[in-house]
Structures are given as C-alpha cells and as structure tokens.
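Novice: Chains as they are written, first to last, in UniProt numbering: chain A, 1 to 199; chain B, 1 to 99. Mind looking over this structure? Questions follow.
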Amino acid sequence: MADAPKKGTLRAAYRRAADIKPRDARTWQVSLNAFAFLFSEMVQYNQTRVDNIAELEHRLEHAGYGVGLRMLELLCHREKGNRREVRLLGILSFVHSTLWKSLFGKVADSLEKGTENEDEYMISEKELLVNRFISVPKDMGAFNCGAYVAGIVKGVLDGSGFPARVTAHFVPVEGQPRPRTTILIKFSEEVLQREARLS
Amino acid sequence: MHAISQQLSPTTGCGGIDILEADTFVLRCFQSLPGTKFFVVAEPGSQGLDALLKNIYDLYVDYVLKNPFYEVEMPIRCELFDLSLTQLILKDKAMLGSR
C-alpha cells in the first residue's frame with residue numbers, strides 16, 4: 001500500500017487559493033520583466049499560428065477575455081462585497097479605476113465619452129503596460145498588442161451584462177514621439193435601451 | 001574579429017577583443033553572458049565608454065529581447081531601442097561636454 005504523502009512533499013507545498021488571505025493577495029506583485037517575457041512569448045506563439053494581423057489581434061483578444069471574466073469575479077468578491085453594477089457609468093468607472101488598479105497598479109489615464117456616437121466610450125492610457133517594451137514593425141500597420149487588454153475589458157463587460165465591442169487603437173499625440181493608446185468600447189443596442197429605461 | 005583576435009593573442013586564455021586603440025579612434029567591446037558582443041567606436045581619449053556599454057546592454061535587454069517581433073541574429077529594427085539609444089547618447093554627450 002502506498003504511503004500517505006508526508007509533510008514537505010510537493011502536495012503539501014501547494015497553497016490552496018482559498019488559503020491566501022485577501023490582505024496578502026491585494027499586494028501580491030509579479031516582476032514586470034517576467035510578465036514582459038511571458039507576454040512576448042505569447043505574441044510570438046500566436047504569430048506562428050495565424051495568417052494575417054486581424055486574426056492575431058483576435059487571438060490576443062480571446063486570451064484576454066478569459067482573464068477579464070475571472071478578474072470580474074475576483075474583484076466583485078474582494079473589492080465590492082458582491083455588489084452588482086447595473087448602470088453604464090457604474091461599470092465604466094469600475095473598469096477605469098478598480099480593474100486598472102488591480103491589473104496595472106494605477107487608475108487609467110482618462111475616461112471619455114465619444115463625441116460622434118452615443119454608444120462609444122474611450123479609456124486612454126499614455127502607454128499600456130503590455131506595450132512598454134514592444135515596438136511594432138512598420139509593415140504590421142496599425143496592429144496593437146493592447147488587443148490583449150481590450151480582451152480583458154470585453155470579458156469584464158460581457159460578464160457583468162454589458163455586451164460590447166472593445167478594440168485598442170494608437171492615437172498620435174502632437175509633441176510626443178509615441179502615440180497614446182485608446183481602448184474603444186462600443187456598447188450594443190440592448191445596453192443603451194436598458195440604460196434609457198432605467199434613467 | 002573576435003575569433004581572429006583569439007587566435008592572434010600572444011597569451012593563452014584570451015577571450016577576444018576588449019579595447020582597440022588607434023590614432024583616430026578607440027574601439028571598446030562588451031561581451032554579454034550568452035556571447036552577444038557590443039562594440040562602440042569613439043574619438044580617442046573618450047571617457048566612460050564602459051558605463052555607456054553597460055547602459056546600452058540594459059536598453060538592449062529591455063527593448064529588443066522583450067520585443068516579440070524581433071528575431072534573434074537579425075538586424076535590430078526596434079523603434080523604442082533607437083529612440084532610447086539616441087536619448088542616452090545625447091545625455092552622455094551633454095554630460096561629457098560640461099566637464
């Protein structure tokens with residue numbers, strides 16, 4: 001008969017996720033370099049499996065989507081005491097401050113409403129953390145690795161009942177050599193109708 | 001050049017070119033652990049080339065190795081690397097000029 005696993009073996013070394021106190025989890029930090037290398041590998045891995053740039057963006061978005069769904073669950077439980085957002089501005093400010101704070105350590109640079117369309121909102125950042133070390137070659141056009149972050153936002157919005165199309169864009173800024181990044185959120189029709197009913 | 005110098009060296013255990021001094025220029029080399037070599041060619045009598053090479057190596061690790069679009073052994077075409085390199089050189093020139 002096999003012996004029971006002794007203390008100090010691999011199984012005993014795993015900490016259950018539930019054992020990690022929220023106090024420790026909030027200040028848990030990962031090395032930026034480690035993340036940069038991992039993200040770079042992820043982009044390279046996907047690059048070999050796609051035929052064009054649109055598909056690569058789609059894959060990164062899909063990768064971020066799962067993260068978004070899980071972050072929503074986690075943050076709702078930890079930060080907000082399981083309260084659900086039902087208003088548009090509520091969920092937007094949740095993404096802009098709480099989500100950004102826990103992912104990147106700071107709130108997003110700005111949150112704006114689109115001037116041309118009612119259903120568009122933009123979260124801007126001078127430089128997305130995931131793009132910090134990445135220089136996109138000229139022949140890839142407008143490709144933005146921020147598609148990963150767009151996927152995270154999409155996951156959060158979809159999970160909380162605000163379906164939307166989320167994309168990441170470079171917006172040139174005069175006087176700056178590097179463009180700033182904007183996450184464009186376009187809510188679907190049903191969200192706007194519901195919002196109109198609630199106001 | 002490294003391989004030639006290793007064979008030409010009068011002493012054994014040579015690791016390759018480190019400094020090359022001539023009348024019109026001075027050449028310094030920095031070798032990283034995996035074997036990537038960084039050369040800088042400067043005017044004779046330039047100071048602080050060691051520190052400069054170290055900084056350039058830091059920039060290389062940051063903006064080239066973490067770039068998913070860079071393939072190893074290919075010529076470096078990373079915008080961020082070029083930008084920060086020019087900034088570093090300008091800062092260095094300004095510092096040397098003030099001495």
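Glycine residues also receive a C-beta, built at the ideal position from the N, C-alpha and C atoms.
(1) Name the chain B residues whose beta carbon is nearer than 7 Å to that of A:Pro172?
(2) Since A:Val153 and A:Ile183 are thought to touch, with beta carbons under 8 Å apart, how far apart are those beta carbons, to the nearest angstrom?
(3) So, does the CB of A:Gln176 fall closer than 8 Å to a CB anywhere in chain B?
(4) Between the alpha carbons of A:Cys145 and A:Trp28, how many angstroms are there, rounded?
(5) Ordered along the chain, which non-local residues of its own chain (more than five positions away) have a Cβ less than 8 Å from that of A:His62?
(6) Are the C-beta of A:Val104 and some C-beta of chain B separated by less than 8 Å?
(7) Spatial neighbours of A:Val130 within its chain, please: C-beta separation below 7 Å, excluding the five flanking residues on both sides.
(8) I want to know whether the region 41-49 of chain A touches the region 68-84 of chain A - three or more CB-CB distances under 8 Å.
(9) Tell me whether B:Asp82, by its Cβ, gets closer than 7 Å to a heavy atom of the ligand MG.
(10) Would you identify the three-state DSSP class for B:Met1, choosing helix, strand or coil?
(11) For A:Ala13 and B:Glu73, I'd like the C-alpha separation in whole angstroms.
(12) Could you give the distance in angstroms between the alpha-carbon of A:Ser188 and the alpha-carbon of A:Arg165?
(13) Just the C-alpha distance for B:Gln47 and B:Cys78, rounded to the nearest angstrom, thanks.
(14) Assess, as a yes-or-no matter, whether the region 115-131 of chain A is touched by the region 50-65 of chain B under the definition of 3 or more beta carbon pairs within less than 8 Å.
(15) Using the rule of at least 16 other Cβ atoms within 10 Å of the residue's Cβ for burial, across every protein chain shown, is A:Leu157 buried or exposed?
(16) With DSSP as the reference, label A:Thr167 as helix, strand or coil.
(17) Can you have a look at B:Leu8 and say buried or exposed, based on whether 16 or more other CB atoms are within 10 angstroms of its CB?
(18) Can you check whether the C-beta of residue 204 of chain A is within less than 8 Å of a C-beta belonging to chain B?
(19) For A:Phe133, would you say it is in contact with chain B, using Cβ-to-Cβ distances shorter than 8 Å as the test?
(20) Is any beta-carbon of chain A found at less than 8 Å from that of B:Asn67?
(21) Using the Cα positions of A:Gly114 and A:His77, report the straight-line distance between them to the nearest angstrom.
(22) Confirm, please, whether the CB-CB distance from A:Leu128 to A:Thr181 is below 8 Å.
(23) What did DSSP end up calling A:Gln29 once you bin it into helix, strand or coil?
(24) Are there 16 or more other CB atoms within 10 angstroms of the CB of B:Ala94, so buried, or fewer, so exposed?
(25) Using the Cβ count rule (16 or more neighbours within 10 Å means buried), how would you classify B:Arg99?
(26) Checking 8 Å against the spacing of the C-beta atoms, do A:Gly66 and A:Gly141 come in under that value?
(27) So with Cβ pairs under 8 Å, would you call A:Phe187 a contact of chain B?
Specialist: Reading from the atomic positions:
(1) Looking up residue 172 of chain A in the first sequence gives position 172. Neighbours of A:Pro172 on chain B: none; closest Cβ ~14 Å, over 7 Å.
(2) Here residue 153 of chain A refers to the residue found at position 153 of the first sequence. Here residue 183 of chain A refers to the residue found at position 183 of the first sequence. Sure, about 6 Å apart at Cβ, within 8 Å.
(3) Here residue 176 of chain A corresponds to residue number 176 of the first sequence, with the count starting at 1. Under the Cβ criterion of 8 Å, A:Gln176 is not counted among the residues facing chain B.
(4) Taking the first residue of the first sequence as position 1, residue 145 of chain A is located at position 145. Taking the first residue of the first sequence as position 1, residue 28 of chain A is located at position 28. Looking at the two C-alpha atoms, the distance is approximately 25 Å.
(5) Working through the first sequence from its first residue, we reach residue 62 of chain A at position 62. In the same chain as A:His62, and ignoring 5 residues on each side of it, the C-beta atoms closer than 8 Å to its own belong to Gly151, in chain order.
(6) Taking the first sequence and counting its residues from 1, one reaches residue 104 of chain A at position 104. The sequence given here has Phe at residue 104 of chain A, not Val. So, not an interface residue.
(7) In the first sequence, the residue the question calls residue 130 of chain A occupies position 130. Around A:Val130, the same chain offers Phe39, Cys145, Gly146, Tyr148 and Val149 as residues with beta carbons nearer than 7 Å, after the five sequence neighbours per side are excluded.
(8) Touching, no, given that fewer than three Cβ pairs across the two stretches are closer than 8 Å.
(9) In the structure on display, the ligand MG does not appear, and there are no ligands present to speak of.
(10) By one-based count along the second sequence, residue 1 of chain B stands at place 1. Note: B:Met1 maps to coil in three-state DSSP.
(11) Here residue 13 of chain A is taken as the residue at index 13 of the first sequence, counted from 1. Here residue 73 of chain B is taken as the residue at index 73 of the second sequence, counted from 1. Residue confidence for A:Ala13 is low, a pLDDT of 49 falling below 50, so the modelled location carries little weight; the figure read from the coordinates is stated next. When rounded, the distance between both Cα atoms is 41 Å.
(12) Looking up residue 188 of chain A in the first sequence gives position 188. Looking up residue 165 of chain A in the first sequence gives position 165. If you take the alpha carbons of A:Ser188 and A:Arg165, they lie about 7 Å apart.
(13) Against the second sequence, residue 47 of chain B aligns to sequence position 47. Against the second sequence, residue 78 of chain B aligns to sequence position 78. So the alpha carbons of these two residues sit roughly 28 Å apart.
(14) The region 50-65 of chain B vs the region 115-131 of chain A: no contact.
(15) Here the question's residue 157 of chain A lines up with position 157 in the first sequence. A:Leu157 comes out buried.
(16) Reading the first sequence from its first residue, position 167 is the one you call residue 167 of chain A. In the displayed model, A:Thr167 falls within a strand according to three-state DSSP.
(17) Here residue 8 of chain B refers to the residue found at position 8 of the second sequence. Answer is exposed; the Cβ neighbour count stays below 16.
(18) Absent from the structure is residue 204 of chain A, since the part of chain A shown begins at 1 and ends at 199.
(19) Stepping through the first sequence from its first residue, residue 133 of chain A is reached at position 133. Taking CB atoms only, A:Phe133 has a neighbour in chain B less than 8 Å away.
(20) The sequence position of residue 67 of chain B within the second sequence is 67, counting from 1. Yes, contact with chain A.
(21) Against the first sequence, residue 114 of chain A aligns to sequence position 114. Against the first sequence, residue 77 of chain A aligns to sequence position 77. So the two alpha carbons sit approximately 31 Å from each other.
(22) Against the first sequence, residue 181 of chain A aligns to sequence position 181. Against the first sequence, residue 128 of chain A aligns to sequence position 128. Annotated as proximal: A:Thr181 and A:Leu128, with beta-carbon spacing under 8 Å.
(23) Position 29 of the first sequence, counted from the first residue, corresponds to residue 29 of chain A. It is coil, neither helix nor strand.
(24) Numbered from 1 along the second sequence, position 94 holds the residue referred to as residue 94 of chain B. With fewer than 16 other Cβ atoms inside 10 Å of its own Cβ, B:Ala94 counts as exposed.
(25) One-based indexing of the second sequence puts residue 99 of chain B at position 99. Interpretation of B:Arg99 is limited by its pLDDT of 43, a score under 50 that renders its predicted location unreliable; no figure is taken from the coordinates.
(26) Reading the first sequence from its first residue, position 66 is the one you call residue 66 of chain A. Reading the first sequence from its first residue, position 141 is the one you call residue 141 of chain A. Between A:Gly66 and A:Gly141, the gap from beta carbon to beta carbon reaches 8 Å or more.
(27) Position 187 of the first sequence, counted from the start, is the residue given in the question as residue 187 of chain A. No, A:Phe187 does not count as interfacial toward chain B.
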